[in-house]
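*Asks:*
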Amino acid sequence: MPESVYQMNMLFLSILIEALPFVLIGVLIAGIIQVFVTDEHIRRWIPKNRFMAVTMSCVVGACFPACECGIVPIVRRLVAKGVPIYAGIGFLLTGPLINPIVIISTYMAFGNDVEIALLRMIIGFLIAMIIAIIVSLLVKGDQLKISARSVQRDGSSSGIWNKIGHMFMHSIDEFFDIGKYLFIGAALAAFVQTYISSADLVSMGNSVASSTAIMMGLAYILSLCSEADAFIGASFGNLFPVTSILGFLIFGPMVDLKNTFMMLSVFKTKFVMVFVFLVAVIVFITLMIFHQFYLGVIV
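Taking the numbering used here, I'd label the letters of the sequence shown as residues 3 to 301.
1. Reducing DSSP to helix, strand and coil, say where phenylalanine 269 ends up.
2. For proline 98, which residues from the same chain have a beta carbon less than 6 Å from its beta carbon, with the 5 sequence-adjacent residues on both sides left out?
3. Flag this pair as yes or no: are the beta carbons of leucine 251 and alanine 282 separated by less than 8 Å?
4. Measure from the C-beta of valine 81 to each C-beta in chain D and report whether the shortest distance is under 8 Å.
5. Does DSSP put leucine 241 in a helix, a strand or coil?
6. Reducing DSSP to helix, strand and coil, say where leucine 146 ends up.
7. Using 10 angstroms around the beta-carbon of isoleucine 291, count the other beta-carbons present and answer buried if the total reaches 16, otherwise exposed.
8. Touch check for the region 43-53 and the region 80-87: three-plus C-beta pairs under 8 Å?
9. Report buried or exposed for glutamine 294, applying the criterion of at least 16 other Cβ atoms within 10 angstroms of its Cβ.
10. Determine the direct distance from the alpha carbon of leucine 259 to that of leucine 289, and round the result to whole angstroms.
11. Considering only residues of the same chain and omitting the five flanking positions on each side of leucine 226, which have a CB-CB separation below 7 Å?
12. So isoleucine 100 and methionine 123 are in contact, right, with Cβ under 8 Å, and what is the actual spacing, rounded?
13. With a CB to CB cut of under 7 Å and the five nearest residues on each side skipped, what residues in its chain are close to isoleucine 133?
14. Under three-state DSSP, which class holds proline 261?
15. What separation, rounded to the nearest whole angstrom, lies between the Cα atoms of serine 173 and valine 29?
16. With burial defined as no fewer than 16 other Cβ atoms inside 10 Å of the residue's Cβ, what is the status of valine 39: buried or exposed?
17. Can you grab the Cα-Cα spacing for the pair alanine 31 / phenylalanine 242, in whole Å?
18. Skipping 5 residues on each side, what residues in its chain have a beta carbon closer than 7 Å to that of phenylalanine 14?
19. Tell me whether threonine 271 is buried or exposed, calling it buried when 16 or more other Cβ atoms sit within 10 Å of its Cβ.
20. Nearest to aspartate 179 by CA position, among Asn114, Asn11, Val25, Gly161, is which residue?
21. Near lysine 165, what residues of its chain come up, given a Cβ to Cβ distance below 6 Å and the 5 sequence neighbours on each side ignored?
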């Protein structure tokens, strides 16, 4: 076996070994929430005031351990039951991005570096707030493609053992749904690290702006589970600046190729296209401001 193939296999396995425990924890908690927490429980916390509703939805989302692959149908049910679209968007953005499992995995992936985890949490929360507020100002009317009444699968069968069975089935389904994206992302990262030199990769993004755009695009295409993306992002840490890595860590959980198609099945096409564009623009601009005024001061 060529040395390069052996090296790529080792990189691939190391990424998987680091990431899988967090994915397993994430899908198990997602299964518990799917079965034992109803939409009404969450909806009670949404205030009538627009700004307070956005703030509360972002806070609840930040405490809600769900991947971007599982958050879309939850938001659909919430919006169908009367939760404002802008509150649903706040929940949609912060849930996969800065929930406790994601922040802990980010902390571990970057060698117990609390700064990266905090930056992801603070900047991500700020961006989610900005986007949800913009949606509240610009978007009017019902944006659901179809009613969610016909898809009320909340695992509400009677009996604790039936509920536990539904919980594990949901966890297993979610694991196999997201596991393949983790494997693809780990394989691509290992391939890039093995066969593309640092100079070649850096030359693709020879400025902070271009490298940030590249990492955001990579996050979109890979469609990684947010519980595991930090391990992929950390593998590029020696090639790109912190701002670009944050672009990968923040943009991917908010919008990726996989959940774009999921959103297209739930929301109207025009709304989804505008939403994806809005997220990309706000993330990029915010990170450029961060790089200029925060990193520019401490460097």
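Cβ atoms here follow ideal geometry from the backbone N, Cα and C, with glycine treated the same way.
*Replies:* The short version:
1. Phenylalanine 269 carries a strand assignment under DSSP once its states are collapsed to helix, strand and coil.
2. Excluding residues within five positions, the ones whose Cβ falls inside 6 Å are Cys69, Glu70, Ile73, Ser228, Pro255.
3. For leucine 251 and alanine 282, no; Cβs fall outside 8 Å.
4. Of the protein chains in the structure, only one exists, and it is not chain D.
5. In the three-state reduction of the DSSP assignment, leucine 241 falls in the coil class.
6. Here leucine 146 sits in strand by DSSP.
7. Around the beta carbon of isoleucine 291, a 10 Å sphere encloses fewer than 16 other beta carbons of the protein chains shown; the residue is thus reported as exposed.
8. With the cut-off at 8 Å, the region 43-53 and the region 80-87 touch.
9. It counts as exposed.
10. If you take the alpha carbons of leucine 289 and leucine 259, they lie about 21 Å apart.
11. If we look at leucine 226 and ignore the five residues flanking it on each side, its Cβ neighbours are Tyr183, Leu184, Gly187, Ile234, Gly254.
12. Rounded, the Cβ-Cβ distance is 5 Å, consistent with contact.
13. Excluding sequence positions up to five before and after isoleucine 133, its CB lies within less than 7 Å of the CB of Ile91, Leu95, Leu280, Val281, Ile284, all in the same chain and listed in chain order.
14. It should be noted that the sequence gives asparagine, not proline, for residue 261. Taken through DSSP and simplified to helix, strand or coil, asparagine 261 comes out as helix.
15. Taking the straight line from one Cα to the other gives about 5 Å.
16. With fewer than 16 other Cβ atoms from the protein chains shown falling within 10 Å of its own Cβ, valine 39 counts as exposed.
17. Note that residue 31 corresponds to isoleucine in the displayed sequence, not to alanine. One C-alpha to the other measures close to 33 Å.
18. Exclusion of the five residues before and after phenylalanine 14 leaves Ala188, Ala189, Ala192 as the residues of its chain whose Cβ lies within less than 7 Å of its Cβ.
19. Classified as exposed, threonine 271 has fewer than 16 neighbouring CB atoms from the shown chains inside 10 Å of its CB.
20. Taking only the C-alpha atoms, the option nearest aspartate 179 is Val25.
21. Val37.
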